[in-house]
Amino acid sequence: MSGRYRLTSVDAVEEEGSWLFTVRDQHGNDEEFFLVPCDDPDRPAVEAWLNRCTHESQRLYREGVGAIVRDGGVVCPKHGSIFDTCTGYCDNGEAADTTLPDVEIAVDGGQVYLVDDDVTFLRAGPSRDDDDDDGPSSTSHLQF
Ligand code: FES
1 MSGRYRLTSV DAVEEEGSWL FTVRDQHGND EEFFLVPCDD PDRPAVEAWL NRCTHESQRL
61 YREGVGAIVR DGGVVCPKHG SIFDTCTGYC DNGEAADTTL PDVEIAVDGG QVYLVDDDVT
121 FLRAGPSRDD DDDDGPSSTS HLQF
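Following full-length UniProt numbering, the numbering of the sequence shown begins with 1 at its first residue and continues without gaps.
Next up, the structure:
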């Protein structure tokens, strides 16, 4: 795509805690990303991260739940690694020393825009080729 596509407002992301959308990449693959607020005043108010843990294929944003955000970090529901909401970096647990892939967005006038030329916006919400397990494994002992 070229130009920019309005996704939502900063206020909506802050009120809901996270906001999911789906794009199609240049290879025709649909990928989910989610927006989360970033509290660092030197960075944009919102960042966008791939909705897949770097450790295993586990969604970080789950329908009906959203992303679990604690103290500036997105918590993986499967093994509990925490990714910085502003940088996507993880320094702990099974996903330590990895960073979530991002997609290019811009925040302007309180609105959030997709500005990444490598992807095309498909829809707000999840992708529809949905044969992954959406929840954490049954072996998870984490409770939120
Ligand atoms: S699947 Fe996310 S930490 Fe293991």
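Cβ atoms here follow ideal geometry from the backbone N, Cα and C, with glycine treated the same way.
Does DSSP put residue i in a helix, a strand or coil?
i: Asp102; result: strand
i: Val13; result: helix
i: Asp42; result: coil
i: Arg128; result: coil
i: Arg4; result: coil
i: Ser138; result: Reliability of the predicted coordinates at Ser138 is poor, the pLDDT of 43 falling under 50, and no value is obtained from them.
Check whether the Cβ of residue i sits closer than 7 Å to any heavy atom of the ligand MN, and report yes or no.
i: Ala96; result: In the structure shown, the ligand MN is absent; the only ligands present are the ligand FES.
For the putative contact between residue i and residue j, defined by C-beta atoms under 8 Å, what is the C-beta separation to the nearest angstrom?
i: Val36; j: Ala12; result: Rounded, the Cβ-Cβ distance is 12 Å, inconsistent with contact.
i: Ser81; j: Gly72; result: 14 Å between Cβ atoms; not a contact.
Count the other CB atoms within 10 Å of the CB of residue i; is the residue buried (16 or more) or exposed (fewer)?
i: Arg59; result: buried
i: Pro41; result: exposed
i: Asp116; result: buried
i: Ala95; result: buried
i: Gly109; result: exposed
i: Glu32; result: buried
i: Thr85; result: buried
i: Gly3; result: exposed
> Three or more C-beta pairs closer than 8 Å, one from the stretch 39-49 and one from the stretch 22-31: is that the case here?
Replying inline: No, the stretch 39-49 does not touch the stretch 22-31.
> Is the stretch 90-103 in contact with the stretch 50-69, if contact means three or more CB pairs nearer than 8 Å?
Replying inline: The stretch 90-103 makes contact with the stretch 50-69, as at least three CB pairs between them are under 8 Å.
> Which runs of the beta strand (DSSP E) fall wholly inside the stretch 50-119 and span at least 3 residues, in chain order?
Replying inline: Taken in chain order, the complete beta strand (DSSP E) segments of 3 or more residues contained in the stretch 50-119 are 66-70, 73-75, 82-84, 105-108, 111-114.
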